[in-house]
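Quick note, the sequence shown lines up with residues 683 to 900 if you use the working numbering. Some notes on the structure that comes next.
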Amino acid sequence: MKVMAFNGSPRKKKWNTVTLLENALKGAASMGAETELIQLYDMKYSGCISCFTCKKLSRKKDGVCSVKDDLTSVLERVRNADALIIGTPVYYGAESAATRAFIERLCFPYSKYSIDSSLFPRNISTALIYTMNVNEEMVKMSAYDRHFEITRMSIEKTFGGCELLLSTDTLQYKDYDKYEHEMFDKDAKIKRHKEVFPLDCERAFELGSKIASKQIIG
Ligand SMILES: Cc1cc2nc3c(=O)[nH]c(=O)nc-3n(C[C@H](O)[C@H](O)[C@H](O)COP(=O)(O)O)c2cc1C
């Protein structure tokens, strides 16, 4: 069982998204999975360029993105993965730009304009982890949840069952006194990071172990 995780935050160490991904991978490893964490912000790549080479009737192979950049070898490895976990901070109500570009390149080559809608050869487990400043109530009020669900469904349609984990009201700054933060209650943020974020990490661990224990349907 090979589990690949993707960090869509430019903050690559110790911050919210990567910490949750590391916990998810620890959970997967506890079930015996081989794990890999890929930092999307270490790579140079674009989103889908709409060339439609992957949709050509004369294509030699299904599910191959013809764009050649740093994502090429990663997408090749995805073909042999048994589970994918994508983590992203919320930027303007959606995924970070690097995550969005990655998802386009990841899913579109396998998307098929027909009823059996995926060219990915197997059903694998997937998960999306979102971290964000807003609280749970605002997720609904600002309709973030609708966006998350659309992305979740796109991934599920392409690869197989996709779980969603939300970590809300996250810590944005280590020292709130050094940055603008009128909207945030600094003490409440620090308290939540101490008390609730560890529970989010536990949920991420459980998510990783659940994903790694799933039977792959061929
Ligand atoms: C460019 C930018 C845009 C953001 N937009 C939002 C937003 O629309 N909603 C929100 O709740 N948080 C927003 N945030 C906050 C991040 O989602 C939040 O701090 C996240 O947990 C950061 O993840 P990280 O610590 O892994 O980098 C934004 C942060 C940045 C840098």
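C-beta atoms are modelled at their ideal positions from N, C-alpha and C, and glycine is treated no differently.
Are the beta-carbon atoms belonging to residue i and residue j less than 8 Å from one another?
i, j, result
"Gly843", "Thr808", "yes"
"Asp891", "Met725", "Per the sequence shown, the amino acid found at residue 891 is Ser instead of Asp. No, they are not a contact pair."
"Thr781", "Asn815", "no"
"Val949", "Thr850", "The structure shown has nothing for residue 949, since the chain only spans 683 to 900."
"Ile872", "Leu847", "no"
"Glu777", "Thr735", "no"
"Glu819", "Leu889", "no"
"Tyr858", "Lys868", "yes"
Which whole-angstrom value describes the C-beta separation of residue i and residue j, a residue pair presumed to lie in contact below a C-beta threshold of 8 Å?
i, j, result
"Asp751", "Tyr727", "4 Å"
"Gln685", "Ala894", "The identity of residue 685 in the sequence shown is Val, whereas the question assumes Gln. Sure, about 6 Å apart at Cβ, within 8 Å."
"Cys730", "Phe790", "5 Å"
"Val772", "Thr813", "7 Å"
"Tyr795", "Gly745", "With a Cβ gap of about 14 Å, Tyr795 and Gly745 do not count as contacting."
On the DSSP bridge assignment, give the partners of residue i in chain order.
i, result
"Ala771", "The sequence given here places Pro at residue 771; Ala does not occur at that position. Beta-bridge pairing links Pro771 to Thr813."
"Gln721", "Asn689"
"Ala783", "Per DSSP, none; premise fails for Ala783."
"Ser800", "Ser793"
"Ala776", "Tyr773"
"Glu716", "Lys684"
"Ser807", "Ala765"
Between residue i and ligand 2, is the CB less than 7 Å from at least one heavy atom?
i, result
"Asn698", "This structure lacks ligand 2; the ligands present are ligand 1."
> Can at least three beta-carbon pairs, one atom from the stretch 694-703 and one from the stretch 714-734, be found at a separation below 8 Å?
Replying inline: yes
>> Closer than 8 Å is the cut-off here; do at least three beta carbon pairs connect the stretch 768-778 with the stretch 688-695?
In response: yes
>> Contact between the stretch 706-716 and the stretch 775-792 is defined here as three or more beta-carbon pairs at a separation below 8 Å; is this criterion met?
In response: no
> Hey, which unbroken runs of the beta strand (DSSP E) at 3 residues or more fall wholly within the stretch 822-900?
Replying inline: 844-849
>> Report the start-end ranges of each alpha helix (DSSP H) in the stretch 741-766 that is 4 residues or longer and not cut off at the edges.
In response: 753-760
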